[in-house]
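Protein sequence lines, in the order shown, are assigned to chains A and B.
Numbering-wise (numbering that gives the first Met the number 0), the first sequence opens with residue 0 and increments by one.
Numbering-wise (numbering that gives the first Met the number 0), the second sequence opens with residue 0 and increments by one.
Please read the structure below before turning to the comments.
2 protein chains.
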Amino acid sequence: MGRWPGGTQERLQEAAIELFTERGYERTTVAEIATRAGLTERTFYNHFADKREVLFPGQDAFIAGIREAVTAAPEEKSPLDAVLAAFTAGSDWFDRHREAAQRRRQLLDAHADLRERERAKVAALGEAIAGALRARGLPDPAATLTASVCAAAHQLGAARWLADPEEGTLAHHLRASFEDLRRTARTW
Amino acid sequence: MGRWPGGTQERLQEAAIELFTERGYERTTVAEIATRAGLTERTFYNHFADKREVLFPGQDAFIAGIREAVTAAPEEKSPLDAVLAAFTAGSDWFDRHREAAQRRRQLLDAHADLRERERAKVAALGEAIAGALRARGLPDPAATLTASVCAAAHQLGAARWLADPEEGTLAHHLRASFEDLRRTARTW
DNA sequence: CAGATTGATTGCAGATTCTGAAATCACCGT
DNA sequence: ACGGTGATTTCAGAATCTGCAATCAATCTG
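Spelled out as structure tokens, the structure:
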């Protein structure tokens, strides 16, 4: 639609990652990001709620997708299996963007502000899963606790996926983490 | 310690809670909080890293206390029991401040900014527990997963404690939540 | 007791984040 | 050609947060 070159969000994200990598998160201003992308500061805020959000593109859509996948999972599946299936369903997209994910992770690790936002996203993922599990008929407190631990297992799996020198798939590491979870839970 | 009236942090916290309750979080400025406490905006920032932090007094000390208690727990205790004991150890302090905790919770529930900070604190608690469990000899990934689920159970117990019309103790609700956790985990 | 020290508070300047409202711009259908 | 549409821009401004120097009163020191 528009005479403006498309991919505005993408250009802003790329500019942001470049600048954050060059000078660090705090030392780059939103105005600088926008300028590098050939846009203005105000346009940045038309696309992202705040400065941090530029590093979490599509997270809300991802969470919504997980919610729907869990809700729509076959009834006979156990809660954990339903969530694991939802996680692995679109995981090859991440496999195709492994390198970008690694760069992003370095940035998150280096700045407390960004880690705080990430933890909020993880918590939001957990709450979304909890809602979906309740919709499947799992009552509280099981829904809340199961959802929290699934979100934790997802974090664990993603961390191992990024750290794996063999470059195994995300789906593989997610399955392994859920297996570890079951093993660990038996000791509780 | 000084000619200035003591309890500066406490006065700022009370002023903040009052104003947040009256007009909401976004609609009160740091300058207003400081003025109501008889201080200046700059002094507020001498005591709190940012505007949100005024609603999380002593959280870092609390987390440090849990870390130490878990680390120092008797070796024969299971990880879950060690964490539960750490949680319940100082929980009567909260019982004595139940009403304040409820007011605080209402504020957190009403403002996404504040919930984000809370989730970050919960995550920090989880990471502290994970470190303590590793120090006790529990290897990863069990340490990470156990710590996450303990933090989740703590949240659950605290929520029930605040919602309980019978006003049962926090320790009681924490034990109940850990019991629910074990029960739920058996179904995984 | 005068003087130095200390620690908390203050004043001020300024960069930066984020918002609201109105204006601009070019594509698109009619 | 003309108006609608959606994205971008411009502008003004409030609020957050930081750095630095100054102030102030209590306490320590000789």
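Built from N, CA and C at the ideal position, the CB exists for glycine as well.
In this text the structure is predicted, and so the values were computed from the model without any measurement.
- Secondary structure of residue 78 (chain B) (DSSP, three-state): helix.
- With contacts defined as CB atoms closer than 8 Å, residue 65 (chain B) and residue 123 (chain B) fail to qualify as a contacting pair.
- Sequence-distant partners of residue 107 (chain B) (beyond 5 residues in either direction) whose C-beta falls short of 6 Å from its own C-beta, in its chain, are 113, 114, 117.
- Between residue 167 (chain B) and residue 59 (chain B), the alpha-carbon positions lie close to 26 Å from each other.
- Annotated as distal: residue 86 (chain B) and residue 180 (chain B), with beta-carbon spacing of 8 Å or more.
- Of the residues assessed, residue 73 (chain B) falls on the exposed side of the cut-off, its CB having fewer than 16 other CB atoms within 10 angstroms.
- Exposure of residue 77 (chain A) is indicated by the presence of fewer than 16 other C-beta atoms within 10 angstroms of its C-beta.
- In the three-state scheme derived from DSSP, where H, G and I count as helix and E and B as strand, residue 22 (chain A) is classed as helix.
- Taken through DSSP and simplified to helix, strand or coil, residue 111 (chain B) comes out as helix.
- Burial state of residue 187 (chain A) is buried, judged by a 10 Å Cβ sphere holding 16 or more other Cβ atoms.
- With contacts defined as CB atoms closer than 8 Å, residue 132 (chain A) and residue 145 (chain A) qualify as a contacting pair.
- Taking C-alpha positions only, residue 97 (chain B) is separated from residue 30 (chain A) by approximately 45 Å.
- For residue 18 (chain A), the nearest beta carbon of chain B is not closer than 8 Å to its own beta carbon.
- Inclusion of residue 38 (chain A) and residue 93 (chain A) in the CB contact set at 8 Å is not warranted, their separation being larger than that value.
- Neighbourhood of residue 143 (chain A) in chain B, by CB distance below 8 Å: 151, 155, in chain order.
- Taking the beta carbon of residue 119 (chain A) as reference, the chain B residues within 8 Å of it are 114, 115, 118, 119, listed in sequence order.
- In the structure shown, the three-state DSSP call for residue 123 (chain A) is helix.
- Close to residue 107 (chain B), with beta-carbon spacing below 9 Å, lies no residue of chain A; the smallest spacing is near 13 Å.
- The C-beta of residue 124 (chain B) comes no closer than 8 Å to any C-beta of chain A.
- Against chain B, the CB of residue 184 (chain A) has a partner CB under 8 Å away; the residue lies at that interface.
- Annotation for residue 33 (chain A): the continuous alpha helix (DSSP H) segment containing it runs 29-35.
- Sixteen is the threshold: since fewer than 16 other Cβ atoms of the shown chains lie within 10 Å of the Cβ of residue 164 (chain B), the residue is exposed.
- Across the structure, residue 105 (chain A) and residue 21 (chain A) are spaced so that their CA atoms are roughly 12 Å apart.
- DSSP places residue 163 (chain A) in the coil class of the three-state scheme, outside both helix and strand.
- Of all residues in the stretch 31-54 of chain A, none places a beta-carbon less than 8 Å from a beta-carbon of chain B.
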